[in-house]
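Worksheet: one structure, shown below.
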Amino acid sequence: GAGVSQTPSNKVTEKGKYVELRCDPISGHTALYWYRQSLGQGPEFLIYFQGTGAADDSGLPNDRFFAVRPEGSVSTLKIQRTERGDSAMYLCASSPGANTEAFFGQGTRLTVV
Amino acid sequence: QQQVKQSPQSLIVQKGGIPIINCAYENTAFDYFPWYQQFPGKGPALLIAIRPDVSEKKEGRFTISFNKSAKQFSLHIMDSQPGDSATYFCAARALNDYKLSFGAGTTVTVRA
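Keeping their order, the protein sequence lines are chains A and B. If you're matching positions, the first sequence starts at 1 in my numbering and goes up one per residue. If you're matching positions, the second sequence starts at 1001 in my numbering and goes up one per residue.
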């Protein structure tokens, strides 16, 4: 059984560009989360999906960040007009339900130059 | 505002030693306390978790001690091995919540 898969593993982009980060959760997991991990810090919550809808997007830092999960499976985190401060590891996790164990992917390392 | 405070930031032990990582929290609504292990370039992997109704939990060489009154919990790695060298994160989650609040992490190095 495959775990949570994130692509790409690494992304280098220029300041001001648009990027999309993809997450394939574990099959059958209804809950999906995005976290952001800055160097030397623990992951910080960004957004939570239950099925197709974003149940909680309170962790998104500003309106340049947006995430979708149109069919209740794959999710895409979208960042517009990237800034150097957006450089971080972006982690996706999924779980069978909201209060159950979350399984993390290997992350996407985003570097904005 | 960090809801879970973790210390130390890093520690080095010899093989067979017992690294101890401590975490403290303020939110009394927290009722689930997992520990994650993260290797460079990988995502965090759940190691062991505890709920406040027990004071200690062991899984293999990993032990969590929990002090509810002090709002503190710690991870002990018994008979540590070089392969245990990683960054360890404590975390906490409230009842019926889905968000994990993570500590800042502790980088453990086990020397052969």
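Positions of the beta carbon are idealized from the N, C-alpha and C atoms, including for glycine.
Backbone secondary structure at D1084 of chain B - three-state DSSP: helix
R12 of chain A, enclosing beta strand (DSSP E) - first and last residue: It should be pointed out that residue 12 of chain A corresponds to Val in this sequence rather than to Arg. Segment N10 to T13, the beta strand (DSSP E) holding V12 of chain A.
I want to know whether the stretch 1018-1029 of chain B touches the stretch 1067-1076 of chain B - three or more CB-CB distances under 8 Å. yes
For P1034 of chain B and A1024 of chain B, which I take to be in contact (beta-carbon distance under 8 Å), what is that distance rounded to the nearest angstrom? Not quite, the Cβ-Cβ distance comes to about 16 Å (not below 8 Å), so this is no contact.
Test item: CB-CB of L1011 of chain B and V1108 of chain B under 8 Å: yes
Neighbour list for Y48 of chain A in chain B, Cβ cutoff strictly below 8 Å: Y1098 and K1099
How far does the beta strand (DSSP E) with F1030 of chain B in it reach, from first residue to last? F1030 to Q1038
From N1067 of chain B to V1013 of chain B, what does the alpha carbon distance come to, in whole angstroms? 25 Å
If we define contact as Cβ-Cβ less than 8 Å, is K1071 of chain B a contact residue for chain A? no
Since I believe I26 of chain A is in contact with V4 of chain A (beta carbons under 8 Å), could you give me their beta-carbon distance rounded to a whole number of angstroms? 6 Å
For K15 of chain A and V1110 of chain B, what's the separation of their Cα atoms in angstroms? 39 Å
Determine which residues of the stretch 1077-1096 of chain B have a Cβ less than 7 Å from any Cβ of chain A, and write them out in chain order. F1089 and N1096
DSSP state of R1051 of chain B mapped onto helix, strand, coil: coil
Since Q106 of chain A contacts Q41 of chain A with CB under 8 Å, what's their CB separation in whole angstroms? Going by Cβ atoms, the distance from Q106 of chain A to Q41 of chain A rounds to 18 Å, so no, they are not a contact pair.
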